[in-house]
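Heads up: the sequence shown runs through residues 250 to 567, numbered per our numbering. The beta-carbon is built from N, C-alpha and C at its ideal position, and this holds for glycine as well. Okay, so here's the structure we're looking at.
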Amino acid sequence: MSSPLFISWKRYQRRSDVLAEALGAEVAWRPSKATPKILRPFDYVAHTRNDLKLIRSRRPSFVVAQAQPHLSALAPYLGRVPYIVDAHNGQFQSWWRRVPSTASILRGAQLVLTHTAEADAIARAEFPGLRTLVVHDPLREIPPAPPRGWVFVVATVAPDEPMDVLIDAIEAMPDVPFATTAPLHRLPPPLRERAERLPNLTTLGFLDLPDYEAAVAAARAVVVLTDRDATQPSGACEALSAGRPLVLSRTQTTEALFGSFATLVANQSDALVEGVRQAIAEDPAAAGRIATAREAWMRRTDAELETLRSHVPARATA
């Protein structure tokens, strides 16, 4: 029996990478090959076949599968290997929770990891009796990088990201340079055309991890937007990992998790403009607030990871 395996049906996702590292697991990245979403089921079948083959050849002590989709856990479910599901919020707050196989696969897991106390409550309400554990994103320090002068926008053009608010705000600040790796080609055509015309927005495309981390660390501030309740945005954790000022959508969850150091804003363009200007203003105390928040975050996740390790085979924790 070999070391644990972490299955992530993504091209890259920082939480999966850092969580796998903390558990001593090898990551199997499974990026989607089907661009039209209608063809994604064919991807899922191919991924499951490859994952089953990998599990049978490696015989991991246990498997962690990132969800959504929960179908990433289908291979260990079918292969009768102990598994844990790392459930992102969309698993319980979107149509994925209604897919017929969801309950069987989630209940078959040794644990279902949720990201916040609020998300955990939603998961338990949707699936009463589900074995869950809250594990916030573990942090891995992002080293400093030469300043680039830009405000870095962490976005994936996901449904919960108010991209119209972002584009309006960037338009209203022609004196502030912005950069992003967001796939703007996925925006609706009118919004995409506006974004492409912005002279102060640099689109970087997909970056390898060292280049991405340098882009975050070089920023004057990091912007992360969401309109989904109970969400712990990974981009906010990346800003904390890099020790950069953060401008973040205000929700009950983000206020509790990041309110000690972040500039929290309503999802409105004028509020975002004001928040960005506040974040990039000179503040000698900002670095201290961020460092204190990072230390507290790491203490909490260390305790959560210790609890998680107590639920997995002893060989995996060695």
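Contact set for residue i: own chain, Cβ-Cβ below 7 Å, skip 5 residues either direction
| i | result |
| --- | --- |
| E375 | F341, R346 |
| D413 | L440 |
| T556 | L382 |
| A322 | A314, A316, Y332, V334, I354, A358 |
| D369 | T363, T381, V383 |
| R477 | N338, Q342, D409 |
| A372 | A336, F341, V361, T363, L379, T381 |
| D532 | none |
| V276 | F255, S257, S265, D266, A269 |
| C486 | D386, L388 |
Min CB distance residue i to chain B below 9 Å
| i | result |
| --- | --- |
| P482 | In summary, chain B is missing from the structure at hand, where a single protein chain is found. |
Residue range of the beta strand (DSSP E) that includes residue i
| i | result |
| --- | --- |
| W278 | 275-278 |
| T452 | 450-452 |
| S498 | 495-498 |
| V465 | Note, V465: premise wrong, no beta strand (DSSP E); alpha helix (DSSP H) at 458-466. |
| L513 | 512-514 |
Where the alpha helix (DSSP H) containing residue i begins and where it ends
| i | result |
| --- | --- |
| D476 | Segment: none, D476 is in no alpha helix (DSSP H) and carries neither H nor E. |
| L604 | The chain is shown from 250 up to 567; residue 604 falls before or after that span and cannot be answered. |
| L268 | 263-272 |
| L288 | Where L288 is concerned, there is no enclosing alpha helix (DSSP H), given that its DSSP letter is neither H nor E. |
| Q517 | Per DSSP, Q517 belongs to no alpha helix (DSSP H) and is neither H nor E. |
| S490 | 483-491 |
| L506 | 501-507 |
Where residue i falls, given that 16 or more other Cβ within 10 Å makes a residue buried
| i | result |
| --- | --- |
| Q224 | Since the displayed the chain opens at 250 and closes at 567, residue 224 lies outside it and no answer follows. |
| E462 | buried |
| G484 | buried |
| I419 | buried |
| H319 | buried |
| H434 | exposed |
| T351 | buried |
| V472 | buried |
| R279 | buried |
| E270 | exposed |
| S265 | buried |
| L458 | exposed |
| W399 | buried |
| L272 | buried |
| P377 | exposed |
| P253 | buried |
| A530 | exposed |
| W546 | buried |
| A479 | buried |
| T297 | buried |
Chain-order list of residues whose beta-carbon lies under 8 Å from that of residue i (same chain, five-residue window excluded)
| i | result |
| --- | --- |
| V514 | V496, L497, S498, R499, A520, L521, E523, G524 |
| Y326 | Y332, S353, I354, G357 |
| R443 | I416, E420 |
| A536 | G492 |
| A366 | V383 |
| T451 | W399, P426, F427, A428, T429 |
Own chain, CB closer than 6 Å to residue i, minus 5 neighbours either side, in chain order
| i | result |
| --- | --- |
| A466 | I391, P393, A394, A491 |
| D417 | S518 |
| R543 | L489 |
| D300 | I256, A324 |
| P562 | S310, F311 |
| P482 | V473, T475 |
| L447 | I419 |
| S281 | D292 |
| I243 | Shown here, the chain extends from 250 to 567; a query on residue 243 therefore has no answer. |
| R260 | P280 |
Under 8 Å: do the stretch 480-494 and the stretch 380-393 share three or more Cβ pairs, one atom per stretch? yes
What are the uninterrupted segments assigned as beta strand (DSSP E) that are 3 or more residues long and contained completely in the stretch 523-551, given in chain order? none
Within the stretch 371-438, ranges of the beta strand (DSSP E) (whole runs, at least 3 residues): 381-383, 400-402, 427-429
Assess, as a yes-or-no matter, whether the stretch 305-316 is touched by the stretch 280-294 under the definition of 3 or more beta carbon pairs within less than 8 Å. Using a C-beta cut-off of 8 Å, the stretch 280-294 makes no contact with the stretch 305-316, since fewer than three inter-stretch Cβ pairs fall below that distance.
Please go through the stretch 303-373 and give each complete beta strand (DSSP E) segment of 3 or more residues, from N-terminal end onward. 312-316, 332-336, 360-363
Using 8 Å as the cut-off, can you tell me whether the stretch 409-428 makes contact with the stretch 352-360, which would need three or more C-beta pairs spanning the two stretches below that distance? no
For the stretch 502-516 against the stretch 425-434, do three or more pairs of beta-carbon atoms, one drawn from each stretch, fall closer than 8 Å, so that the two count as touching? Fewer than three Cβ pairs drawn from the stretch 502-516 and the stretch 425-434 lie within less than 8 Å of each other, which leaves the two stretches out of contact.
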